[in-house]
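K.L.:
This is the structure I want to talk about, given as structure tokens.
There are 2 protein chains.
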Amino acid sequence: MRFTVDTAELNAAVATVSKALGVRSSVGILEGIYAEAIGDTLLLRCTDLSLQIEATLNVDIQKQGACVLPGRLFSELVRRLPAEETLLSADKNTLLIESGRATTTMQVENAKDYISMPDVNREFSIAISKAALKNMIRQCIFATAQDDSKPILRGVLIELADGKMSMVALDGYRLAMRTEAVTVSGAAKNAVIPARGLLEISRILDDSDEMINMVFSATHVMIDMGHTRIITRLMDGEFIRYRQILPDSHTTHVRVNRTELLDSIERVSLMARESKKNHVKFSFEDGQVTITANSEIGASKEIVNIDRMGSDIDIAFNAKYFSDVLKVLDDEYVCLDMNTNISPCVVKPETGDEYYYLILPVRLFAGN
Amino acid sequence: MRFTVDTAELNAAVATVSKALGVRSSVGILEGIYAEAIGDTLLLRCTDLSLQIEATLNVDIQKQGACVLPGRLFSELVRRLPAEETLLSADKNTLLIESGRATTTMQVENAKDYISMPDVNREFSIAISKAALKNMIRQCIFATAQDDSKPILRGVLIELADGKMSMVALDGYRLAMRTEAVTVSGAAKNAVIPARGLLEISRILDDSDEMINMVFSATHVMIDMGHTRIITRLMDGEFIRYRQILPDSHTTHVRVNRTELLDSIERVSLMARESKKNHVKFSFEDGQVTITANSEIGASKEIVNIDRMGSDIDIAFNAKYFSDVLKVLDDEYVCLDMNTNISPCVVKPETGDEYYYLILPVRLFAGN
């Protein structure tokens with residue numbers, strides 16, 4: 007192959023696809039970038055076989071062809087090339103890169119030896135804006151499990167039905183659920199996407215209203231953004247049946263300023279962190295919540311104004327589970343619904359029913 | 007003690023001194039911040055006994071006194087306090103911090119148990135601007151040794167004589183020397199300052215022309231910036247006698263654009279890094295230098311325009327030793343003086359004699 011390409015466009019495309027580059031892969035060729043020049047288009051592809059990212063760009067092709075470039079070296083070099091245009095030409099074994107005063111040759115591998123993920127057939131797809139998908143991921147992904155005790159919990163459940171998409175993440179201590187109206191083509195469907203794949207998807211998405219397609223097969227999901235496509239494997243196995251743990255009533259309802267509550271929790275949690283228990287106690291009364299933490303080296307207390315309906319309640323939480331959700335919400339006020347100090351607390355924005363978060367309390371003993 | 011303080015000023019002072027906080031110190035009390043309220047001044051001090059940083063700030067003192075605060079917890083809390091003013095009050099064992107809706111108590115230690123470095127008597131001092139001292143450190147410190155094979159080389163030699171201060175750093179492969187006119191009070195003097203202390207000093211300095219004092223005793227140096235003072239231990243032992251290795255003539259003189267040379271070296275070094283030898287070869291001819299590197303997976307070549315006087319020369323270097331110096335110089339052009347491909351290369355800015363850098367080449371064998 008032989009083509010001339012805009013250096014900045016090449017750099018942007020390589021930076022995008024190389025997020026899926028295999029690192030010290032057991033399959034050596036996956037440490038490379040697959041490059042294919044056909045017609046007036048260059049296709050770049052990286053995969054570690056659980057995540058695959060492709061980018062296409064328009065280039066001036068003099069000779070068609072394909073090869074596999076050394077991934078790390080090529081992407082570092084492309085970032086630093088001196089000229090606005092770069093000429094790449096490859097024979098069977100060697101790629102020549104010419105850009106201004108810089109000339110580099112590097113060994114390439116045969117395109118026929120490259121392995122990639124299966125094509126995703128387009129039997130089921132939804133349309134959603136980039137901004138909405140990015141925001142859904144941001145508001146759910148932090149609640150996925152970080153350990154492997156239940157591997158399925160390292161994924162996010164996607165539920166598609168009745169013109170709505172829900173994302174659900176839970177780790178055994180808290181649950182985050184975000185719903186969005188989408189255009190669904192096809193019947194109801196569930197899928198579990200690995201958190202790592204979703205994270206890379208959200209990094210590539212911007213906050214625009216541009217519509218993109220999510221295409222589901224039985225085993226994979228593809229996010230099709232035109233010049234960029236991301237494919238991630240779906241997770242096997244059944245997700246936790248979470249609906250039965252969602253409380254259907256509450257005895258205490260609290261409305262509180264989100265950033266005031268967040269700032270107070272973060273200060274108090276500095277003291278909580280010094281103790282072995284690492285929990286923060288909330289005493290909700292009429293008009294205010296008192297937030298406290300104790301450790302061997304001291305004690306912290308904060309008072310935040312609230313509106314409350316229902317009974318007083320003393321309840322304790324792992325501070326991180328509370329501050330995590332307050333950080334991803336954008337509303338000025340949030341609402342908390344509680345029953346007892348051993349049953350879950352539900353956190354929602356003051357308006358709308360798109361977001362739902364549930365935290366299990368930690369048990370309070372006398373003297374805490 | 008009991009006093010009211012501007013929260014932002016307290017935060018800035020704590021952030022400054024806590025750079026010298028002992029981390030998991032064998033002397034537990036050094037993980038604390040010494041605080042002393044006298045007259046209308048609060049003194050804060052941290053030390054790990056090789057570096058000590060002090061800050062003073064004006065506060066409204068209602069009761070004098072001193073204590074040792076838990077360093078990490080206090081500094082993290084101060085960063086987040088909600089109100090513009092904070093009231094601190096301590097009895098023998100407990101500090102109470104009140105700032106808006108936040109109330110924290112923490113255990114403190116007795117000020118009498120704190121250890122600090124000896125006062126630096128003011129027998130020998132120099133005056134220098136903050137910007138000049140910061141720049142001297144930046145242009146030398148990177149050439150200090152990173153390993154402990156010769157501990158003295160982890161320090162920077164300071165030579166004071168005839169109204170000039172020189173800083174010299176060397177690691178066995180390269181040497182950086184920077185000279186600056188200063189006001190010296192006292193006779194000629196040498197001292198070796200640990201690189202870590204110099205680094206913390208340069209982080210606290212800004213780029214202003216404000217004059218500050220460096221005060222030397224036999225064992226310590228103090229940088230006195232008024233409200234902030236930094237003391238660092240001097241290193242024992244004799245520094246390498248470096249003057250005998252500085253070449254006194256050259257047979258090739260080259261003038262080259264600094265950023266063009268730097269960019270080319272950085273690209274070529276990507277390829278050099280792939281090989282075991284990790285060196286970059288320079289072929290200086292009339293009008294251009296050709297920079298090359300080879301590895302098993304490819305080859306890079308760059309051509310940069312130069313002005314040259316004297317003979318052609320082929321010479322090879324560890325790329326990092328060359329790019330390091332090109333990064334810390336600010337001049338548009340630099341000059342290189344060379345003799346043979348096994349003798350040192352001297353790098354200087356095109357104008358001025360304040361900076362001098364020397365690199366040992368790596369030996370070229372046939373076939374390289």
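Protein chains in written order, with the numbering used here: chain A, 7 to 374; chain B, 7 to 374. The beta-carbon is built from N, C-alpha and C at its ideal position, and this holds for glycine as well.
CA-CA distance, S349 (chain B) and A175 (chain B)?
P.N.:
Taking the straight line from one Cα to the other gives about 19 Å.
K.L.:
Do V286 (chain B) and A322 (chain B) have their C-beta atoms within less than 8 Å of each other?
P.N.:
Cβ distance < 8 Å, so V286 (chain B) and A322 (chain B) count as in contact.
K.L.:
Do we get a CB-CB distance below 8 Å when we pair K307 (chain A) with the residues of chain B?
P.N.:
It does; some Cβ of chain B falls within 8 Å.
K.L.:
Assign R375 (chain A) to one of two classes, buried (16 or more other C-beta atoms within 10 Å of its C-beta) or exposed (fewer than that).
P.N.:
Lying outside 7 to 374, the shown extent of chain A, residue 375 (chain A) is not represented and no answer is given.
K.L.:
Please return the same chain residues whose Cβ sits closer than 7 Å to the Cβ of D230 (chain A), not counting the five positions on each side in sequence.
P.N.:
Correct list, in chain order: I218, N219, V221.
K.L.:
Given that L27 (chain B) touches chain A, what residues does it touch there, using C-beta distances under 8 Å?
P.N.:
In chain order: nothing, as chain A lies at least about 16 Å away.
K.L.:
Between which two residues does the alpha helix (DSSP H) carrying F80 (chain A) extend?
P.N.:
Here the alpha helix (DSSP H) through F80 (chain A) covers 77 to 86.
K.L.:
Going by Cα to Cα distance, which pick from B:M171, B:V352, B:M7, B:T357 is closest to A182 (chain B)?
P.N.:
Ranking the options by Cα distance to A182 (chain B), first place goes to B:V352.
K.L.:
Per DSSP, M173 (chain A) forms a beta bridge with which residues?
P.N.:
A:I164, A:R184, per the DSSP bridge assignment.
K.L.:
Would a C-beta distance cut-off of 8 Å place I121 (chain B) and L55 (chain B) closer than the cut-off?
P.N.:
A contact, by the Cβ cut-off of 8 Å.
K.L.:
Under the three-state reduction of DSSP, which class applies to S317 (chain B): helix, strand or coil?
P.N.:
In the structure shown, S317 (chain B) sits in coil (DSSP, three-state: anything other than H, G, I, E or B).
K.L.:
Would you be able to state if there are at least three C-beta pairs under 8 Å between the region 251 to 267 of chain B and the region 306 to 325 of chain B?
P.N.:
Yes, the region 306 to 325 of chain B touches the region 251 to 267 of chain B.
K.L.:
For F328 (chain A), does the three-state DSSP call read helix, strand or coil?
P.N.:
Of the three classes helix, strand and coil, the one that applies to F328 (chain A) here is helix, per DSSP.
K.L.:
What separation, rounded to the nearest whole angstrom, lies between the Cα atoms of I59 (chain B) and C341 (chain A)?
P.N.:
Each residue's alpha carbon lies about 46 Å from the other.
K.L.:
Just to make sure I have the definition right: I need the residues of chain B whose C-beta is within less than 7 Å of the C-beta of E82 (chain A). Which are they?
P.N.:
Residues of chain B passing the Cβ test: L276.
K.L.:
Output the residue ranges of the alpha helix (DSSP H) runs that lie fully inside the region 322 to 366 of chain A and measure 4 residues or longer, sorted by chain position.
P.N.:
Here the runs fully enclosed are 325 to 334.
K.L.:
Tell me, please, which residues DSSP counts as bridged to E375 (chain B).
P.N.:
The structure shown has nothing for residue 375 (chain B), since chain B only spans 7 to 374.
K.L.:
Quick one: is S289 (chain B) near chain A, going by C-beta distance under 8 Å?
P.N.:
Not an interface residue.
K.L.:
If you draw a straight line from the alpha carbon of G38 (chain A) to that of L240 (chain A), how long is it in whole angstroms?
P.N.:
Those two C-alpha atoms are separated by around 24 Å.
K.L.:
Any Cβ of chain B within less than 8 Å of the Cβ of G373 (chain A)?
P.N.:
With a pLDDT of 49 at G373 (chain A), under the threshold of 50, the modelled position of that residue is not reliable, and no figure is offered here.
K.L.:
If we call anything under 8 Å between Cβ atoms a contact, is T189 (chain B) one with A133 (chain B)?
P.N.:
Contact flag set, yes.
K.L.:
Quick one: give me the first and last residue of the alpha helix (DSSP H) that R144 (chain A) is part of.
P.N.:
136 to 146 is the extent of the alpha helix (DSSP H) around R144 (chain A).
K.L.:
Could you name the residues of chain A that R86 (chain B) contacts, counting a contact when the two beta carbons are closer than 8 Å?
P.N.:
By Cβ distance, chain A contributes D269, E272, R273, L276.
K.L.:
Spatial neighbours of T62 (chain A) within its chain, please: CB distance less than 6 Å, with the 5 preceding and 5 following residues excluded, ordered by chain position.
P.N.:
Closer than 6 Å at Cβ, skipping near neighbours: T47, L49, H233.
K.L.:
Comparing alpha-carbon positions, which option in B:L252, B:S208, B:P253 lies nearest K140 (chain B)?
P.N.:
Among B:L252, B:S208, B:P253, the Cα nearest to that of K140 (chain B) is on B:S208.
K.L.:
Can you find the residues in the same chain that come closer than 7 Å, C-beta to C-beta, to E266 (chain B), ignoring five residues on each side of it along the sequence?
P.N.:
Cβ within range, chain order: V310.
K.L.:
Is the shortest distance between the beta-carbon of L63 (chain B) and the beta-carbons of chain A less than 8 Å?
P.N.:
Answer no: the Cβ-Cβ gap between L63 (chain B) and chain A never drops below 8 Å.
K.L.:
I44 (chain B): buried (16+ other C-beta within 10 angstroms of its C-beta) or exposed?
P.N.:
With fewer than 16 other Cβ atoms within 10 Å, it is exposed.
K.L.:
Going by other Cβ atoms of all chains shown within 10 Å of its Cβ, with 16 needed for buried, is V274 (chain B) buried or exposed?
P.N.:
Under this definition V274 (chain B) is a buried residue.
K.L.:
Should A21 (chain B) be flagged as near chain A, meaning a C-beta pair shorter than 8 Å?
P.N.:
No, A21 (chain B) lies away from the interface with chain A (no Cβ there is under 8 Å from its Cβ).
K.L.:
If distances are taken between C-alpha atoms only, which option among A:P76, A:N324, A:I199, A:V331 comes closest to L370 (chain A)?
P.N.:
Minimum Cα distance to L370 (chain A) is reached at A:N324.
K.L.:
If we define contact as Cβ-Cβ less than 8 Å, is A96 (chain B) a contact residue for chain A?
P.N.:
No, its Cβ sits nowhere closer than 8 Å to a Cβ of chain A.
K.L.:
Closer than 7 Å, Cβ to Cβ, to anything on chain B: give me those residues from the region 32 to 45 of chain A, in chain order.
P.N.:
So the list is empty, because no residue satisfies the distance condition.
K.L.:
Identify every residue that forms a DSSP beta bridge with E60 (chain A).
P.N.:
DSSP, once it has assigned bridges, lists A:R51, A:R235 as partnering E60 (chain A).
K.L.:
Between I67 (chain B) and chain A, is the shortest Cβ-Cβ distance under 8 Å, so that the two count as touching?
P.N.:
Not an interface residue.
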